[in-house]
Amino acid sequence: MQSYQKQRDRIFSKYERMDMDETYVIFAEFSNIGTYYQFIDYTYGDKICETIHKHFHTLPLRESYYRFQHNQYVLIGKFDKTKCQSQTEKESAIEQRILEINNRFFNSFPLTEDIILTYGGACNGIKKESKTIKSLIQTAQYSMVEAKKKAKTSMVADEIIRSQKSDLDDFVLAFDYYFDINEFTPFFQPIVDKTTLRIIGCESLIRWRKDEYRIISANRFKDIAIEKKYFDVIDKSVIRKSFEMYNHWREERLIHESFVMVINLSYHTLSLLNIDDLLKLTIYFDILPENIEFDIDDFLSPNPIIYKKVIELKESGFRVAVDAFQYQRLSMSSFLHFDVDTIKIDKSILPSDIPSFRHIRLYKAILDMAGTLQSKTLIKGIENKEQMQMARDLSVDYLQGYYFTKPIDEEAFRLYLKKHAEGFQVLEAYHSY
Numbered sequence: 012m013q014s015y016q017k018q019r020d021r022i023f024s025k026y027e028r029m030d031m032d033e034t035y036v037i038f039a040e041f042s043n044i045g046t047y048y049q050f051i052d053y054t055y056g057d058k059i060c061e062t063i064h065k066h067f068h069t070l071p072l073r074e075s076y077y078r079f080q081h082n083q084y085v086l087i088g089k090f091d092k093t094k095c096q097s098q099t100e101k102e103s104a105i106e107q108r109i110l111e112i113n114n115r116f117f118n119s120f121p122l123t124e125d126i127i128l129t130y131g132g133a134c135n136g137i138k139k140e141s142k143t144i145k146s147l148i149q150t151a152q153y154s155m156v157e158a159k160k161k162a163k164t165s166m167v168a169d170e171i172i173r174s175q176k177s178d179l180d181d182f183v184l185a186f187d188y189y190f191d192i193n194e195f196t197p198f199f200q201p202i203v204d205k206t207t208l209r210i211i212g213c214e215s216l217i218r219w220r221k222d223e224y225r226i227i228s229a230n231r232f233k234d235i236a237i238e239k240k241y242f243d244v245i246d247k248s249v250i251r252k253s254f255e256m257y258n259h260w261r262e263e264r265l266i267h268e269s270f271v272m273v274i275n276l277s278y279h280t281l282s283l284l285n286i287d288d289l290l291k292l293t294i295y296f297d298i299l300p301e302n303i304e305f306d307i308d309d310f311l312s313p314n315p316i317i318y319k320k321v322i323e324l325k326e327s328g329f330r331v332a333v334d335a336f337q338y339q340r341l342s343m344s345s346f347l348h349f350d351v352d353t354i355k356i357d358k359s360i361l362p363s364d365i366p367s368f369r370h371i372r373l374y375k376a377i378l379d380m381a382g383t384l385q386s387k388t389l390i391k392g393i394e395n396k397e398q399m400q401m402a403r404d405l406s407v408d409y410l411q412g413y414y415f416t417k418p419i420d421e422e423a424f425r426l427y428l429k430k431h432a433e434g435f436q437v438l439e440a441y442h443s444y
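Numbering (the numbering used here), first residue to last: 12 to 444.
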């Protein structure tokens with residue numbers, strides 16, 4: 012595989028003294044090229060990348076063009092000062108250039124049905140974060156990755172994206188030089204019975220407490236933690252802390268004997284999990300496995316190793332929850348291989364405030380399936396009383412969401428349990444579906 016490090020070093024050196032306030036970067040990545048490897052010729056994908064590279068050179072671009080990786084390209088340009096003075100004008104100009112380049116490329120290149128081209132754009136922000144061309148390229152690349160996550164053709168870095176990128180850089184430094192397992196702790200969100208409105212369980216969620224003012228959710232640092240081989244260490248530490256807190260709550264009679272703690276398990280952690288070690292923890296903290304439910308994340312693709320682990324969890328007495336609609340897709344394969352204790356449903360498929368009978372029929376079909384499988388149902392993401400009442404009227408078993416509280420630390424959750432020991436008081440429903 013050809014190395015592009017020398018090319019990148021030349022770019023960084025060439026633009027070392029360029030004024031970053033006048034510079035913009037467009038980062039382009041081609042994907043879906045793997046189709047050629049699989050179905051046509053093992054080397055054909057490389058040939059396609061080479062053809063794309065040559066074609067880019069033929070385009071009449073005012074930007075300087077460089078190949079960054081075999082399927083990644085960088086275009087570096089300077090703003091027209093007469094047209095781009097404000098931050099908004101600069102970001103709009105980049106968006107317009109991306110549109111022009113994309114149209115120009117696909118209007119003259121073959122095989123357009125197979126190739127996907129995603130762009131990220133960046134210029135220096137109000138805070139002047141980018142001091143070097145390397146930093147600006149990295150921000151443009153980060154914008155491209157965010158565009159891919161959101162299934163967009165392009166994204167241009169704004170203040171939010173630049174702030175996220177800055178946080179990501181901090182995370183990398185922290186994992187490389189300042190990693191402290193004690194900064195990772197569980198926060199808790201109550202799970203409420205739909206009939207009695209009593210707290211019957213909680214979900215334990217990883218938070219990174221970097222300081223008094225910065226509490227970071229796992230989805231912000233998960234990818235970096237996995238890359239640095241720390242995420243399973245964090246997961247196991249938070250599981251132990253969660254078990255310890257469960258034990259304290261029970262000793263203080265803050266929870267009843269059937270209280271269930273739900274703990275998220277990533278695909279990565281589950282694949283490395285030792286079930287015997289988990290059982291030893293339950294014995295040490297005097298917790299019944301049936302009081303612990305593992306919410307299996309990243310569970311769309313069938314995987315024999317993961318299925319085996321989940322079956323081991325079930326055979327050891329632990330409970331298992333899965334999302335019925337994970338990443339906006341219905342995940343049915345989970346239900347074919349083992350008994351699911353709880354089916355979690357996002358509130359996004361609830362009927363809107365103006366009842367939709369199509370939504371209601373879909374919702375009831377899911378509930379009927381759950382009943383047939385003898386699984387409980389939980390609606391997550393409840394944000395207001397109307398959504399809560401709708402879920403109650405449609406006979407879901409459990410409720411969870413910011414309407415009750417955002418995830419809170421152990422001290423606050425302890426007070427929360429005391430305050431709502433008798434349940435929540437809300438107005439009864441005025442209609443029924």
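By construction, the Cβ of each residue, glycine as well, lies at the ideal position given by its N, Cα and C atoms.
Quantities reported herein were computed from a predicted structural model and do not represent experimental measurements.
Between the alpha carbons of F199 and K252, how many angstroms are there, rounded? On the sequence shown, residue 199 is found 188 positions in, with the first residue counted as 1. On the sequence shown, residue 252 is found 241 positions in, with the first residue counted as 1. Cα to Cα, F199 sits roughly 12 angstroms from K252.
Nearest-angstrom Cα separation, counted from E238 out to Q16: Taking the sequence shown and counting its residues from 1, one reaches residue 16 at position 5. Taking the sequence shown and counting its residues from 1, one reaches residue 238 at position 227. Rounded to whole angstroms, Q16 to E238 spans 20 angstroms at the Cα level.
May I have the straight-line CA-CA distance separating I127 from K163, to the nearest angstrom? Stepping through the sequence shown from its first residue, residue 127 is reached at position 116. Stepping through the sequence shown from its first residue, residue 163 is reached at position 152. Taking the straight line from one Cα to the other gives about 11 angstroms.
What is the residue span of the beta strand (DSSP E) that Q400 lies within? As a working mapping, residue 400 is identified with position 389 in the sequence shown. Looking at the DSSP string, Q400 is not in any beta strand (DSSP E); the run it does join, the alpha helix (DSSP H), is 396-404.
Which whole runs of the beta strand (DSSP E) in the region 126-178 are 3 residues long or more, in chain order? For the region 126-178, the full-length beta strand (DSSP E) segments reaching 3 residues or more read 127-134, 165-167 along the chain.
On the premise that L405 lies in contact with K375, defined as a C-beta separation below 8 angstroms, what is that separation, rounded to the nearest angstrom? Taking the sequence shown and counting its residues from 1, the one referred to as residue 375 is at position 364. Taking the sequence shown and counting its residues from 1, the one referred to as residue 405 is at position 394. Right, the Cβ-Cβ distance comes to about 7 angstroms (below 8 angstroms), so this counts as a contact.
Closest to T523 by CA distance: which of P315, F329, I317 is it? Here the chain comprises residues numbered 12 to 444, so residue 523 is not present and cannot be evaluated.
Does the CB of Q398 have a neighbour CB from chain B at under 8 angstroms? Here chain B cannot be found, since the structure has a single protein chain.
For F199, the residue or residues it bridges with in DSSP: For this step, residue 199 is matched to residue 188 along the sequence shown. In the DSSP output, where bridge partners are listed per residue, F199 has S215, I419.
Quick check: the Cα distance between I393 and E255, rounded to an integer number of angstroms? Working through the sequence shown from its first residue, we reach residue 393 at position 382. Working through the sequence shown from its first residue, we reach residue 255 at position 244. Rounded to whole angstroms, the separation of the alpha carbons of E255 and I393 is 28 angstroms.
Apart from the five residues on each side of it in sequence, which residues of its chain come closer than 7 angstroms, Cβ to Cβ, to Q18? As a position in the sequence shown, residue 18 is number 7, starting the count at 1. If we look at Q18 and ignore the five residues flanking it on each side, its Cβ neighbours are Y77, R78.
Which residues in the same chain as C95 place their Cβ atom closer than 7 angstroms to its Cβ, once the five residues preceding and following it in sequence are excluded? One-based indexing of the sequence shown puts residue 95 at position 84. These residues qualify, in order along the chain: K101, A104.
Helix, strand or coil at S24 [DSSP, three-state]: Stepping through the sequence shown from its first residue, residue 24 is reached at position 13. In the structure shown, S24 sits in a helix (DSSP, three-state: H, G or I).
Taking C-alpha atoms, which residue in P315, K358, T383 lies nearest to K396? Stepping through the sequence shown from its first residue, residue 396 is reached at position 385. Per the Cα distances, K358.
Work out the CA separation of E74 and E82 for me, nearest whole Å. On the sequence shown, residue 82 is found 71 positions in, with the first residue counted as 1. On the sequence shown, residue 74 is found 63 positions in, with the first residue counted as 1. Checking the sequence, you will find Asn at residue 82 rather than Glu. Rounded to whole angstroms, the gap between the alpha carbons of N82 and E74 is 18 angstroms.
With a Cβ-Cβ cutoff of 8 angstroms, do V271 and D306 count as a contact? As a working mapping, residue 271 is identified with position 260 in the sequence shown. As a working mapping, residue 306 is identified with position 295 in the sequence shown. It is not a contact, given that the beta carbons lie outside the stated cut-off.
Is it buried or exposed, K355, if we count other Cβ atoms within 10 angstroms and call 16 or more buried? Here residue 355 is taken as the residue at index 344 of the sequence shown, counted from 1. Label assigned to K355: buried.
If you run the structure through DSSP and keep just helix, strand and coil, what is E74? In the sequence shown, counting from the first residue as 1, residue 74 sits at position 63. The DSSP-derived three-state label of E74 is coil.
By alpha-carbon positions, which one of S228, V407, G131, A332 ends up nearest to Q152? For the purposes of this step, residue 152 is identified with residue 141 of the sequence shown, where counting begins at 1. Distance check between Q152 and each of S228, V407, G131, A332 places G131 closest, using alpha-carbon atoms only.
In the DSSP assignment, find the unbroken beta strand (DSSP E) run with A39 in it and report its ends. Sequence index remark: in the sequence shown, residue 39 carries index 28 (1-based). Segment 34-42, the beta strand (DSSP E) holding A39.
Mark K429 as exposed unless 16 or more other C-beta atoms lie within 10 angstroms of its C-beta, in which case mark it buried. As a first step, residue 429 must be located in the sequence shown, where it is residue number 418. With fewer than 16 other CB atoms across the displayed protein chains lying within 10 angstroms of its CB, K429 is exposed.
I'd like to check one pair, E111 with V167: are the Cβ atoms closer than 8 angstroms? Reading the sequence shown from its first residue, position 156 is the one you call residue 167. Reading the sequence shown from its first residue, position 100 is the one you call residue 111. In this structure, V167 sits away from E111, with a CB-CB distance that is not shorter than 8 angstroms.
Is L184 buried or exposed, if buried means 16 or more other CB atoms sit within 10 Å of its CB? Residue mapping note: residue 184 aligns to position 173 of the sequence shown, counting from 1. Counting C-beta atoms within 10 angstroms of its own C-beta, L184 has fewer than 16 neighbours from the protein chains shown and is therefore classed as exposed.
T280 - containing alpha helix (DSSP H), residue span: For the purposes of this step, residue 280 is identified with residue 269 of the sequence shown, where counting begins at 1. Unbroken alpha helix (DSSP H) run through T280: 278-283.
Alpha carbon to alpha carbon, how far is T280 from D287? Translated into positions along the sequence shown, residue 280 becomes position 269. Translated into positions along the sequence shown, residue 287 becomes position 276. Their backbone Cα atoms lie some 15 angstroms apart in a straight line.
Where E33 and Y188 are concerned, what is the direct C-alpha to C-alpha distance, given to the nearest angstrom? Here residue 33 refers to the residue found at position 22 when the sequence shown is read from its first residue. Here residue 188 refers to the residue found at position 177 when the sequence shown is read from its first residue. Going from the Cα of E33 to the Cα of Y188 covers about 34 angstroms.
Roughly how far, in whole angstroms, is the beta-carbon of V63 from the beta-carbon of F38, given that I think they are within contact range, below 8 angstroms? Taking the first residue of the sequence shown as position 1, residue 63 is located at position 52. Taking the first residue of the sequence shown as position 1, residue 38 is located at position 27. First, the residue type needs correcting, since residue 63 is Ile and not Val in the sequence shown. Wrong, their Cβ atoms sit about 15 angstroms apart, outside the cutoff.
Among the residues of its own chain, which have a CB less than 8 angstroms from the CB of D234, if the five just before and after it don't count? Locating residue 234 in the sequence shown gives position 223, counting from the first residue. Within the same chain, D234 has no close Cβ partners at all.
Check whether the Cβ atoms of D334 and E304 sit closer than 8 angstroms, and answer yes or no. Looking up residue 334 in the sequence shown gives position 323. Looking up residue 304 in the sequence shown gives position 293. No, these two residues do not count as a Cβ contact at 8 angstroms.
Do E223 and S177 have their C-beta atoms closer together than 8 angstroms? Here residue 223 is taken as the residue at index 212 of the sequence shown, counted from 1. Here residue 177 is taken as the residue at index 166 of the sequence shown, counted from 1. No; because the gap between Cβ atoms is not below 8 angstroms, this pair is not in contact.
Measure from the alpha carbon of Y459 to the alpha carbon of each residue in Y427, I245, E433, E61, then state which is nearest. Missing from the structure shown is residue 459; the chain here goes from 12 to 444 and no further.
V36 versus Q175 - alpha carbon distance: One-based indexing of the sequence shown puts residue 36 at position 25. One-based indexing of the sequence shown puts residue 175 at position 164. V36 and Q175: Cα-Cα distance of roughly 18 angstroms.
Out of T93, F232, R261, point me to the one whose CA is closest to K221's CA. Taking the first residue of the sequence shown as position 1, residue 221 is located at position 210. That would be F232, whose Cα lies nearest to the Cα of K221.
Let's test the definition: count the other Cβ atoms within 10 Å of the Cβ of K417 and tell me whether it reaches 16, buried, or not, exposed. Translated into positions along the sequence shown, residue 417 becomes position 406. Around the C-beta of K417, fewer than 16 other C-beta atoms lie within 10 Å, and the residue is accordingly described as exposed.
Report the option in F117, I298, V249 whose CA atom is closest to the CA atom of E262. Residue numbering aside, residue 262 sits at position 251 when the sequence shown is read from its first letter. When only C-alpha atoms are compared, the closest one is I298.
For the alpha helix (DSSP H) holding V249, just list the boundary residues, first then last. Here the question's residue 249 lines up with position 238 in the sequence shown. 242-262 is the extent of the alpha helix (DSSP H) around V249.
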